[in-house]
């Protein structure tokens, strides 16, 4: 027989083992990682939230709660198909219809289909509780996408008062300011966001991109590098920004090394990296940067290959088309180069006209015909996304404007296979045309 001391030790070990087993199989051990996942979500650290949810799943946490929270992360990322899979999983494990319906309603608002859910959102705003920041986030997305900027600003103010530590309202104001060409105001908002959360990836990337666009690569570089450090999911997008900064600063060797590490990523992986920080990749950005780099080194054959890929991926990108023209000229394809230079020059003149019109609209915001002209130039020649924004702003001032409903219906119909929400949006605008014609 063992000594009393050994028996006592054995008993303690057995008790501890039983306690651990009970905690493990009951899911009680998952409570802490679930708490940390919620905290990460509140801090807008989506990478960390997903990691803690995975830990909670491993510790046998409640599958319905885990699926619901993961759905919320994917909704914030704009990955609505993944969100829908998570919601179906939550339903399978017994989540209430109310909780699942709430996420779907926020997703509908987020993509601009406010006509379907706005009355519900207004009711929720009367008693937002702990989901108030998510509600404000989705609602302001919908309002801004429709050009309802006065309402957007009012809700952003309420959001900031209710959740003073949340940096997201500043980022949204910054994006709106950029659309209005108010770059100093945009920079101030991004810096205000980083003052609240120095490691907020979206603000780091947004500020880095703005500084780079304003020809300040030395200031932009640390923003992109920090973004890649704090968000593994967004690292590929941040590395492209880093490579662009290095190229602008003349560090060709390091720029090539950084860009070659991401250029081979498949389109889906790169799209996810940009979605992680609230942007869309648009075209082939790594190929564009490599093409510019090779062209700066007079390696025009290599440059033309990369730049042709960038132009094919996004024919509206004037920066890519101009760079491609330079490379074409460098390999003596002068006729093609001349055609590209002429196209870029013509579209830039049109865009210069829109800047004058936008100044006019600042003083005469109800001039819907000018808004419509700005929108159609963007849709047809430069940036369909910006064009959609301007068309929605027409409807904010004149909800029955028939040419706008027709243009939106045609655009959403033509691109319905690219974005899940576009089919229903096309149908809605077709109904509005039919309704007004009777």
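Residue numbers (this note's numbering): 29 to 466.
Each residue gets a CB set at the ideal place from its N, CA and C atoms; glycine is no exception.
Inset, instruction - May I have the straight-line CA-CA distance separating residue 95 from residue 128, to the nearest angstrom? - result: Rounded to the nearest angstrom, the two C-alpha atoms are 10 Å apart.
Legend entry - Spatial neighbours of residue 357 in its chain, beta-carbon cut-off 6 Å, leaving aside the 5 residues before and after: 365.
Inset, instruction - Determine the burial state of residue 374: buried for a count of at least 16 other Cβ atoms within 10 Å of its Cβ, exposed for fewer. - result: The residue is exposed, with fewer than 16 neighbouring Cβ atoms inside 10 Å.
Inset, instruction - Jot down the residue ranges of each uninterrupted alpha helix (DSSP H) in the stretch 368 to 448, minimum 4 residues, whole runs only, in chain order. - result: Taken in chain order, the whole alpha helix (DSSP H) runs of length 4 or more contained in the stretch 368 to 448 are 396 to 405, 412 to 425 and 430 to 442.
Inset, instruction - Within 10 angstroms of the Cβ of residue 300, are there 16 or more other Cβ atoms? Answer buried if so, exposed if not. - result: Buried, since its Cβ has 16 or more Cβ neighbours within 10 Å.
Inset, instruction - Over the uninterrupted alpha helix (DSSP H) stretch that includes residue 75, give me the two end residues. - result: First-last of the alpha helix (DSSP H) with residue 75: 74 to 86.
Legend entry - residue 200 classed as buried or exposed, judged by whether at least 16 other C-beta atoms fall within 10 angstroms: The Cβ neighbour count for residue 200, taken over all protein chains shown within 10 Å, is at least 16; the residue is labelled buried.
Inset, instruction - Grab me the residues of residue 77's own chain with a C-beta within less than 7 Å of its C-beta, minus the 5 sequence neighbours each way, in chain order. - result: Only 65, 68, 69 and 101 meet the Cβ criterion.
Inset, instruction - Would you check if the stretch 379 to 386 and the stretch 310 to 324 touch, i.e. whether three or more CB-CB distances between them fall below 8 Å? - result: Judged by Cβ distances under 8 Å, the stretch 310 to 324 makes no contact with the stretch 379 to 386, as fewer than three pairs qualify.
Inset, instruction - Could you tell me which uninterrupted alpha helix (DSSP H) segments, each at least 4 residues in length, are contained entirely in the stretch 165 to 233, listed from first to last along the chain? - result: Correct list: 177 to 190, 196 to 207 and 211 to 224.
Legend entry - Alpha-carbon to alpha-carbon, residue 92 and residue 123: Computed Cα separation, rounded: 5 Å.
Legend entry - C-alpha distance - residue 83 paired with residue 258, whole-angstrom precision: Rounded to the nearest angstrom, the two C-alpha atoms are 19 Å apart.
Legend entry - Own chain residues within Cβ distance below 7 Å of residue 454, not counting five before or after: Answer for residue 454: 437, 440, 441 and 444, listed in chain order.
Legend entry - N- and C-terminal bounds of the alpha helix (DSSP H) containing residue 124: Counting along the chain, residue 124 falls outside any alpha helix (DSSP H), and DSSP gives it neither H nor E.
Inset, instruction - Could you check if residue 225 is buried or exposed, using at least 16 other CB atoms within 10 Å of its CB as the buried criterion? - result: Counting every other CB atom within 10 Å of its CB across the protein chains shown gives residue 225 a total of 16 or more, marking it as buried.
Inset, instruction - Would you kindly work out how many angstroms separate the C-alpha atoms of residue 336 and residue 359, rounded to a whole number? - result: Going by C-alpha positions, residue 336 is about 13 Å away from residue 359.
Inset, instruction - Let me know if residue 428 comes out buried or exposed under the rule of 16 or more other beta-carbons within 10 Å of its beta-carbon. - result: With fewer than 16 Cβ atoms within 10 Å of its Cβ, residue 428 is classed as exposed.
Legend entry - Sequence-distant residues of the same chain with beta carbon closer than 8 Å to residue 239, five excluded per side: Correct list, in chain order: 215, 245, 247, 248 and 251.
Inset, instruction - Please go through the same chain and pick out, in chain order, the residues whose beta-carbon is closer than 6 Å to the beta-carbon of residue 25, but skip the five residues on each side of it. - result: A question about residue 25 goes unanswered here, because the residues of the chain that appear run from 29 up to 466.
Inset, instruction - Compare the beta carbon distance of residue 271 and residue 287 with 7 Å and say whether it is the shorter of the two. - result: In contact: residue 271 and residue 287 (Cβ atoms closer than 7 Å).
Inset, instruction - From the DSSP output, in three-state form, read off residue 245 for me. - result: Correct three-state label for residue 245: helix.
Inset, instruction - Tell me whether residue 456 sits in a helix, a strand or coil according to DSSP, three-state version. - result: The answer is helix: DSSP assigns residue 456 an H, G or I state.
Inset, instruction - Please list, in chain order, all residues of the same chain as residue 371 whose beta carbon is under 8 Å from its beta carbon, the five residues on each side excluded. - result: For residue 371, where only same-chain residues beyond five positions count, the Cβ hits under 8 Å are 349.
Legend entry - Cβ neighbour criterion (16 or more within 10 Å) applied to residue 343: With fewer than 16 other Cβ atoms from the protein chains shown falling within 10 Å of its own Cβ, residue 343 counts as exposed.
Legend entry - Alpha-carbon to alpha-carbon, residue 121 and residue 45: Only weak support is given to the placement of residue 45: the predicted model assigns it a pLDDT of 44, under 50, and the value that follows is read from those uncertain coordinates. Each residue's Cα considered, the two are about 29 Å apart.
Legend entry - Among 399, 411, 447 and 404, the one whose alpha carbon lies nearest that of residue 424: Per the Cα distances, 399.
Inset, instruction - Find the nearest neighbour of residue 291 within the set 333, 193, 86 and 326, judged by alpha-carbon distance. - result: Of the listed residues, the one whose Cα sits closest to residue 291 is 333.
Inset, instruction - Return the CA-CA distance between residue 74 and residue 450, expressed in angstroms with no decimal places. - result: Taking the straight line from one Cα to the other gives about 26 Å.
Legend entry - Burial state of residue 137, where buried means 16 or more other Cβ atoms lie within 10 Å: Buried.
Legend entry - Segment limits, alpha helix (DSSP H) that includes residue 141: Taken as a continuous stretch (DSSP letters only), residue 141 belongs to no alpha helix (DSSP H), as it is neither H nor E.
Legend entry - Buried or exposed by the 16-neighbour rule on C-beta atoms within 10 Å, applied to residue 204: So residue 204 ends up on the buried side.
Legend entry - Beta carbon of residue 303 nearer than 7 Å to that of residue 106: Taking 7 Å as the Cβ cut-off, residue 303 and residue 106 qualify as a contacting pair.
Inset, instruction - Measure the CB-CB distance between residue 152 and residue 134 and report whether it falls below 7 Å. - result: No; because the gap between Cβ atoms is not below 7 Å, this pair is not in contact.
Inset, instruction - Kindly indicate which three-state DSSP category residue 68 falls into: helix, strand or coil? - result: Per DSSP, reduced to three states, the secondary structure at residue 68 is helical.
Inset, instruction - Hey, could you find the ends of the alpha helix (DSSP H) residue 302 is sitting in? - result: It spans 295 to 303 - the alpha helix (DSSP H) in which residue 302 sits, taken as one unbroken run.
Inset, instruction - Answer with buried or exposed for residue 202, where buried requires no fewer than 16 other C-beta atoms within 10 angstroms of its C-beta. - result: Classified as buried, residue 202 has 16 or more neighbouring CB atoms from the shown chains inside 10 Å of its CB.
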